[in-house]
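Please read the structure below before turning to the comments.
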Amino acid sequence: MALWTLIGLAKGKATTPWPTHGDATGQEGLIGMPRYNPDLCEAGCSACAEICPTEAIKTRPDGVALEIDYGRCVVCQLCTEACPTDALTQSSDWAFGVRRREDLRWVEQSIAEARERDPQRNAFRRSLHIRHVDAGSCNGCESELQALNNPFYNQHRLGLFFTPSPRFADLLLVTGPVTHAMEEPLRATYDAMPQPRWVMATGTCAVSGGVAGGGYACSSGLDGILPVDVYLPGCPPNPAAIIEALLMFLGRAPQRVKGGRIGQ
Amino acid sequence: MKGALIRDLHVAELRSAAERLMDSGGRMQMVYAWNPPDETPELRYVATPADSQTFEVWRCKVTQEPPSLATIWPLLGWYEREVMDLNGIRFHDHPEPNRLVLPQHVPPPLAPPGRDTAWLESPPNGTGIRTLPEVPTEDVQALPFGPVRADVLESAEFTFLYIGEHILHYHPHLFFKHRGMEARFQGVDLVRGTILAERVSAVGTVAHALAYCQAVEHAADCIVPPRACWLRVLLAELERVYNHLHYLGHLANTTTLKVGDAQGKLLEERGKQINTRLTGSRFLRSLLIPGGLRRDLQPKPWLSEELEALRAETAKYVDHLENSESHLDRLITTGVLSPKVAFDQGATGPVQRASAADRDLRRDHPYAGYAELPLTIPTRQEGDAYARSRVRIEEIDASIAMMQRVLLLLPDGDIRAPCAPPPMAEGLGWTESPRGTLFYAVHFGSDARLARVKIKSPSFSNWRVFPFTVHDTNMMDYAINEASFGLTISGCAR
């Protein structure tokens, strides 16, 4: 007979002290969103824009810099391989949760912005109840959301809970590009939530449709279907990125990305 | 079709060919349809003749309404219904001609342009997706559950007809998540095709991308360098290990073994962190490409040590599971799948191997570096939830042993060969994914872009089988039985 309680205790603590202390995010070696350095960008070159499978990169008419929308990026790294001048390089940037969609678009001058304060949201700082809806994902986002509950990330210590009923939920966390068949159940779930309520688009599919959006079976993400309060692109976003985005939403962590760039 | 032997059949010959295949001990895999440019639509049946390493593809021009082969090969039932929904090709005398993938009002999105023949109309009896039996008494309760279910789960709707604890009938509706992924491949080049294949089912990233790459490589007659072949084995087995560890944790969750659940999920997390350290991706993405690999991997000694530590930890964990009577009691005799039903309905992977079938594509139709590696293929006879978990447990051990061998013997050399399929080329690729047989059939157009990609996923097969183990069982066992199948919905719905 296995004595699981003792086995568990004997294992000691498996949970990372991050984000309270240290930086053990569990993402060592992770390749994140490509980083853009316009100074190295060659005028007239469009290698990255041609290879990008989701039109996240476009050349601008002036030919000087690129238009990059990280909300469309599926982190496939094709652009970093195609770029002849290292203007686009691999990076470990993954904390891409933002409040406004335009923060995911790269701009030359990063915008200094006062941190928004939402008094309603402040009341929810300590704990958050989340209803998840899969609106047609590839199961990658689900795999990472399920990982939040493993002993390494242990979401409950941060006051983050998934709830079965939308009636108890503060936040609707949506994955997938929103297939036509899932649109009605998704709206019904949102309608069943008490106010105030918020919505988080998780993963590039929910933000912009990703590789699956459009076509005969899918919309192109949540915009136009529900009002979105947090956008978190990634394919899929890793568990640490999801934690960061949720804490950012609660005002317990800063938003790291502005103007399509991180930490500047 | 490269990668398989092509046989041309007339519509009138289909039934006798299907019967001959059955009588000779062969095996049917799937059927799909495609529209060659300016020609009659074609059906393609993929079959495994008895004792053959080569797959057979039956090419059949749809010159008249084809007969349904589902009465001979029941597993074809769902494939034919999908062809009716997506391609608008009707099958004569189909035993269950209801809609499967798309609702009635959606016209077939992959139908040949300008179709005008009467037999290409939408299915005659396709009144809806749910096929529930008539219930003659008021004592029977109907419980529809989903598509939004408790916890973090994929969307699907399950309907139970039950009395008290007893389930009389069970019907899963799995296509809320249908994204039309096969259509997304149309018109893209082969590099972007890989990015799509990686995103059909995230926990099968390597299996899908590898089957796709091998299909393209067959179409292009491309020989992948040995080092890339061996590294592909490493990636595929890393994927198997973290999937199976997740499976064990999730199974412990359904038997309410809380610490066992946490331990299993923690081991899965270790697997994903090993993936990240080696490849930069928790799901092993952005590495495969037709022709080989996008970049070389240099597995350092830490990988071998980490794998050994993971193996030892897993062995201890499994030992604890095997000594938990409350866990075993819930698995033994739960959800029994007989070898006959498994064969008829097309069960695959660990599910089929737990029901007495000794079948694994890595050995029976070798690809990548598997022909040169000693393979252990665990099988069980009982066909219950316990047998399904045992097969996976033993596969973890076998996978880690195989990876250690790859690390020891990994040859030096190139990792990528040029791969350019000629116009109108076509190829078949396959892998033994953590969940079973996975096929990709690719057709190129005259512009060297993809014209049609068919994905046969293992979860599509195993979801078809699963209800047969639920009818006439009880509610308390349902979640355990479902977990013991290890299914994904994204792979099934695509």
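As given, the protein sequences belong to chains A and B, one line each in that order. Last residue of the first sequence: 599 in the working numbering, with the numbers rising by one and none dropped. Last residue of the second sequence: 490 in the working numbering, with the numbers rising by one and none dropped. Ideal Cβ placement from N, Cα and C applies to all residues, glycine included. For clarity, every value in this text was computed on a predicted model and none was experimentally measured.
Secondary structure of Trp459/B (DSSP, three-state): helix. About 6 angstroms separates the beta carbon of Ser197/B from that of Asn474/A, a gap short enough to meet the 8 angstroms contact definition. A contact is defined here as three or more CB-CB pairs under 8 angstroms, and the stretch 11 to 26 of chain B fails this definition with respect to the stretch 565 to 576 of chain A.
Three or more Cβ pairs closer than 8 angstroms define a contact, and the stretch 423 to 440 of chain A falls short of that threshold against the stretch 499 to 507 of chain A. Chain A has no Cβ within less than 7 angstroms of the Cβ of Lys296/B.
A straight line joining the alpha-carbon of Thr190/B with that of Thr355/A spans about 39 angstroms.
Here Glu134/B is exposed: its Cβ has fewer than 16 other Cβ atoms, across all protein chains shown, within 10 Å. Counting other Cβ atoms within 10 Å of its Cβ, Gly342/B reaches 16 or more and is therefore classed as buried.
Bounds of the alpha helix (DSSP H) holding Thr524/A are 515 to 526. With fewer than 16 other Cβ atoms from the protein chains shown falling within 10 Å of its own Cβ, Pro109/B counts as exposed.
The stretch 381 to 391 of chain B and the stretch 410 to 417 of chain B do not touch, with fewer than 3 CB-CB distances between them shorter than 8 angstroms. Not flagged as an interface residue toward chain B: Gln530/A, since no C-beta distance is shorter than 7 angstroms.
Taking 7 angstroms as the cut-off, the beta carbon of Gly367/A is found closer than this to the beta carbon of Ser427/A. With a cutoff of 7 angstroms on beta-carbon distance, Thr394/A and Val409/A are scored as not near each other. Contact residues of the stretch 312 to 332 of chain B toward chain A are His316, Asn319, Ser320, Glu321 (C-beta to C-beta distance below 7 angstroms).
For Glu153/B, the enclosing beta strand (DSSP E) has its first and last residue at 153 to 159. Look at Ile411/B: its C-beta is not under 7 angstroms from any C-beta on chain A. If the five residues before and after Ala588/A are omitted, its C-beta is found closer than 8 angstroms to the C-beta atoms of Pro354, Glu579, Leu582, all from its own chain and listed in chain order. Chain-order list of chain A residues neighbouring Lys452/B: empty, with the shortest C-beta distance near 17 angstroms, by a criterion of under 7 angstroms. Among the residues of chain A, those whose CB is under 7 angstroms from the CB of Met177/B are Ala547, following chain order.
Identification of chain A residues near Thr272/B by a Cβ-Cβ cut-off of 9 angstroms yields Gly361, Gln362, Glu363, Gly364, Leu365, Ile366, Asn573, ordered along the chain. Contact annotation for Ser277/B against chain A: Ile366 [CB-CB distance below 7 angstroms, chain order].
According to the DSSP assignment, Ile465/A belongs to the beta strand (DSSP E) that extends over 463 to 469. Residue pairing by DSSP places Thr344/B opposite no residue, since no beta bridge is assigned to it. Only those residues of the stretch 387 to 412 of chain B whose C-beta falls short of 8 angstroms from the nearest C-beta of chain A would be listed, and there are none. Distance from the Cα of Ile392/A is smallest, within the candidate group Leu423/A, Ser555/A, Gly364/A, Glu479/A, for Leu423/A. Here the alpha carbons of Tyr474/B and Leu128/B stand approximately 18 angstroms from one another.
For Ala447/B, there is no enclosing alpha helix (DSSP H); the residue is part of the beta strand (DSSP E) that begins and ends at 446 to 452. Scanning the stretch 309 to 380 of chain B from its first residue to its last, the whole alpha helix (DSSP H) runs of 4-plus residues come out as 321 to 327, 335 to 341, 346 to 349, 357 to 360.
Ser48/B and Gln25/B have their C-alpha atoms roughly 14 angstroms apart. At least 7 angstroms separates the beta-carbon of Asn477/B from that of Ala350/B. With the rule of 3 Cβ pairs closer than 8 angstroms, the stretch 289 to 300 of chain B counts as touching the stretch 223 to 234 of chain B.
Taking a C-beta cut-off of 7 angstroms against chain A, the contacting residues of the stretch 126 to 144 of chain B are Pro143, Val144, listed in chain order.
Here the stretch 462 to 469 of chain B makes no contact with the stretch 427 to 446 of chain B; the two share fewer than three CB pairs at distances below 8 angstroms.
Runs of the beta strand (DSSP E) spanning 3 or more residues and lying entirely within the stretch 545 to 595 of chain A occur at 565 to 567, in chain order.
Look at the stretch 472 to 485 of chain B: the residues with a C-beta under 9 angstroms from a C-beta of chain A are Thr484, Ile485.
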